[in-house]
Ligand SMILES: Cc1cc2nc3c(=O)[nH]c(=O)nc-3n(C[C@H](O)[C@H](O)[C@H](O)COP(=O)(O)OP(=O)(O)OC[C@H]3O[C@@H](n4cnc5c(N)ncnc54)[C@H](O)[C@@H]3O)c2cc1C
């Protein structure tokens, strides 16, 4: 039975950075991913990564912008860690081989991004995630003697020992269908977000909330789950992302009357206000009948105001996306976009070293809630979050591994349980609803009722529907009865994870009776610091979900009104 000092679930940027840090600290490391590591969703990241690198910049300014962007829900001690360590991390990546864009003087070039008081986003054209991920993967290959890679292995659950510590996982090899239990002194969850609980979303098919749900089921609390980010520029229909880098380069947002409507809600920052503010402004234009496209559900993004040469150099991927998915040459005409689900600020509650309240269990990246993003994440702060907290959790897990023996838990019992569960799904009769139907209904429900604007009636309706979908999922059927690459059965497991994420999101959104960041309640339109300057934590107890609160850490920036 495999046993490792540090077992990392997820091989996106957070997981690979954790693996590298733990290996460099001398631990025996394993990294597991349900897809090949460089197909992890981090590969899709486009616009860049924030760091106060410029000589005119200061990490305190980056931290203040992040606190303000979070609508003062972010924990300021964690934000200070992230922003103060950012320049060192970006330079480290550069030294490892990331070919960040340089300006004519040969210095690292920086682009403007939403909510930032100056240009501080380092980038590799609009393929930054791909550039970072490939360089980290090369580094992992260099450590092949101390880093075992379980590529195309799907984790089904976490295992806790008799003392309550996390001591391993159960996983299924996707290629063969073989189930295995893994013992580990430490498990780091780096499984990414849960965007597929929404339809449409900018997130790929693999982003199904697995880590969040596995931690929740194992007893770890989730935090800030109501905070779901809608990105202002996603293609109408498909939901494909048009990077904020476009607005960073100067693109305008226009309504059906050709008006730059951001003047009304963010006269100073205009299109580069924080994402929650821009998405809301767009939705208001659409709801009040000034939208464009089919049923007036879109807004125009005008990239033609950016010099064509610059667009072709710095935004070449979205030039291709525009042509391939909307039939539009963005260098010559505006493209129709709308706000779309993009990111979840909430996740597994951790401290500034990735520790969860369960000993031996860590989380980093989008799966985690440290919380550096609070009510709203600033663009280009997520790649930073994955790397800083991935590294910190890898280092801490390696240090812990050096001081404890390998656990002796009965991991085989957990393997048998999960094996039986998967066999039961495969053998279900072909009657009732299919997994795919339930997934579609869930996604459309979340996008309809738990989106940019929310209210009690819609949230309660969502809660009831999720209850029904949860029951239906217990007997939902799949086509594939085989073992080799049976993605169908894994889809059924993922559906359960997404339902847990959706349920905790809705519960938290019902609980928070105010408007802050990405949570805008039309029935409670004001931010209410007196009652709601606190995190909402959701834990699973025997009877179901239990809600509690935890304080927001404020170090140097007392809450104030947000204006852009
Ligand atoms: C289109 C797009 C563009 C973006 N652009 C930017 C940007 O420019 N700047 C920025 O800061 N942020 C950006 N973001 C956000 C950012 O890319 C993500 O938040 C971040 O990359 C998440 O990284 P991660 O390591 O946490 O997870 P991921 O990269 O999603 O990796 C998750 C890993 O977990 C594995 N996994 C999941 N479940 C299981 C399981 N059950 N068993 C085994 N393995 C599992 C997956 O295989 C994968 O390896 C963008 C997001 C999108 C969708």
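Numbering (the working numbering), first residue to last: 29 to 592.
All C-beta atoms in this analysis are idealised placements derived from N, C-alpha and C, irrespective of residue type, glycine included.
Source: prediction; values computed, not measured.
- Across the structure, residue 540 and residue 398 are spaced so that their CA atoms are roughly 19 Å apart.
- In the structure shown, residue 137 adopts coil according to DSSP, grouped into three states.
- At a cut-off of 7 Å, the beta-carbon of residue 62 counts as near ligand 1: some heavy atom of the ligand is closer than that.
- The segment 145-152 makes no contact with the segment 45-61: fewer than 3 CB pairs, one atom from each, lie closer than 8 Å.
- For residue 219, the secondary structure class from DSSP, reduced to helix, strand or coil, is coil.
- With a cut-off of 8 Å on Cβ pairs, the segment 335-342 is in contact with the segment 270-285, counting three or more such pairs.
- In the assembly as shown, residue 237 is a buried residue. Its beta-carbon has 16 or more other beta-carbons within 10 Å.
- Assignment of residue 389 by DSSP, reduced to helix, strand and coil, places it in the strand class.
- Cβ contact annotation for residue 285 (same chain, cutoff 8 Å, sequence separation greater than five): 318, in chain order.
- In this structure, the beta-carbon distance from residue 37 to residue 183 falls below 8 Å.
- Among the bridge pairs identified by DSSP, residue 208 is matched with 199.
- In the three-state DSSP reduction, residue 592 falls in the coil class, being neither helix nor strand.
- In this structure, DSSP gives residue 586 a state outside helix and strand, which the three-state scheme calls coil.
- One thing to note: residue 458 has its Cβ no nearer than 8 Å to the Cβ of residue 500.
- Contact check for residue 373 and residue 298: beta-carbon distance about 24 Å, past the 8 Å limit, so the pair fails to qualify.
- In this structure, ligand 1 has a non-hydrogen atom nearer than 7 Å to the beta-carbon of residue 69.
- Taking every protein chain shown into account, the CB of residue 401 has 16 or more other CB atoms within 10 angstroms, so this residue is buried.
- Straight across, the Cα-Cα distance linking residue 494 with residue 170 is about 46 Å.
- Look at residue 88 here: in three-state DSSP terms it is helix.
- Under the three-state reduction of DSSP, residue 461 is assigned to coil, being neither helix nor strand.
- Put simply, of 364, 413 and 355 the residue whose alpha carbon is nearest the alpha carbon of residue 382 is 413.
- If you draw a straight line from the Cα of residue 389 to the Cα of residue 403, it comes to about 25 Å.
- Under the DSSP definition of a beta bridge, residue 31 partners with 211.
- Going by beta carbons, residue 362 and residue 303 fall outside the 8 Å limit.
- For the segment 51-123, the full-length alpha helix (DSSP H) segments reaching 4 residues or more read 87-97 along the chain.
- As the crow flies, the alpha-carbon of residue 142 is around 10 Å from that of residue 94.
- Residue 489 sits away from residue 33, with the two beta carbons spaced by 8 Å or more.
- Residue 393 places its beta carbon 8 Å or farther from that of residue 48.
- The beta-carbon distance between residue 192 and residue 435, rounded to whole angstroms, is 11 Å. This is too long to meet the 8 Å contact definition.
- Boundaries of the alpha helix (DSSP H) around residue 348: 344-354.
- With fewer than 16 other Cβ atoms from the protein chains shown falling within 10 Å of its own Cβ, residue 438 counts as exposed.
- Classified as buried, residue 106 has 16 or more neighbouring CB atoms from the shown chains inside 10 Å of its CB.
- In the structure shown, residue 552 adopts extended strand secondary structure according to DSSP, grouped into three states.
- Looking at the DSSP output, residue 177 shares a beta bridge with 59.
- Contact between residue 258 and residue 480 is confirmed by a C-beta separation of about 5 Å, below the 8 Å threshold.
- Residue 497 and residue 536 have their C-alpha atoms some 19 Å from each other.
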